[in-house]
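**Q**
Residue numbers (the working numbering): 195 to 424.
1. Report the three-state DSSP secondary structure of residue 302 (helix, strand or coil).
2. When you compare only the Cα positions, how much space is there between residue 294 and residue 376?
3. Within 10 Å of its beta-carbon, does residue 374 have 16 or more other beta-carbons around it, so buried, or fewer, so exposed?
4. Say yes only if the C-beta of residue 376 is nearer than 7 Å to one or more non-hydrogen atoms of the ligand ATP, and no if none qualify.
5. In this structure, does DSSP put residue 235 in helix, strand or coil?
6. Going by the CB atoms, is the gap between residue 263 and residue 282 shorter than 8 Å?
7. Locate the beta strand (DSSP E) running through residue 287, then write down its first and last residues.
8. If the criterion is Cβ atoms closer than 8 Å, does the pair residue 192 and residue 338 meet it?
9. Which runs of the beta strand (DSSP E), 3 residues or longer, sit entirely within the segment 288-364?
10. Compute the Euclidean distance between the alpha carbons of residue 393 and residue 335, then round it to the nearest angstrom.
11. Report, in whole angstroms, the separation of the C-beta atoms of residue 289 and residue 329, which I expect to be a contact under 8 Å.
12. Could you tell me which whole beta strand (DSSP E) segments of length 3 or greater appear in the segment 253-286?
So, in structure tokens, the structure goes:
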């Protein structure tokens with residue numbers, strides 16, 4: 195089993211290795227205990243912590259490319275002797291995200307629980323996974339035009355109170371913002387209100403600027419390509 199197929203948790207053991215003044219050093223790697231969460235995240239690429247089931251414990255979500263998976267691991271609390279922390283086996287969010295590269299977390303639909311956003315490399319897709327509050331997820335496809343997706347972040351870019359999605363794709367050298375039109379439901383009076391069939395594009399008059407309109411009823415994509423002189 196190669197190192198890239200493992201997901202690890204490093205817990206701080208402050209009972210060993212202290213600094214010269216006898217104060218525990220939380221940044222000393224010698225004080226860290228490695229806990230193997232799973233060795234079945236094949237081609238593990240990314241892991242993020244969040245409470246998916248509302249029990250107050252930080253669970254984990256991972257993206258792994260060799261098994262095309264976005265998976266989560268329930269934090270089951272400390273061991274019976276009170277030490278460390280235990281996690282469940284790998285739980286399916288999706289196992290059909292081809293070349294799953296990266297995940298991030300946010301309350302995308304504003305219902306109070308944490309959802310997951312993921313980008314995949316080989317099917318050029320960006321998806322969000324709606325959490326029902328118990329760790330059961332429903333997949334929503336945002337776009338299949340993210341050419342070799344590599345990076346995802348979430349922020350309220352336009353200050354309208356909804357988290358938008360920022361994506362980086364290496365196949366087309368693009369950084370794009372997907373505007374959240376509100377609560378996971380398209381509001382045709384919000385912003386431009388333009389929703390076109392999947393794959394339709396509206397080219398702006400400004401050279402190097404591209405607006406992509408997806409066929410999903412939740413999102414409007416605003417993309418900008420940087421043109422570098424040869």
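For every residue, glycine included, the Cβ atom is placed at its ideal position computed from N, Cα and C.
**A** The answer reads as follows:
1. coil
2. 26 Å
3. buried
4. In the structure shown, the ligand ATP is absent, as is every other ligand, since no ligand is present at all.
5. coil
6. no
7. 285-288
8. Outside the shown range of the chain (195 to 424) lies residue 192, about which nothing can therefore be said.
9. 294-300, 309-314, 320-325, 331-337, 343-349 and 358-363
10. Note that residue 393 scores 29 on pLDDT, short of 50, meaning its location in the model is unreliable; the coordinates nonetheless yield the value given after this. Whole-angstrom Cα-Cα distance: 13 Å.
11. Not quite, the Cβ-Cβ distance comes to about 16 Å (not below 8 Å), so this is no contact.
12. 253-258 and 263-267
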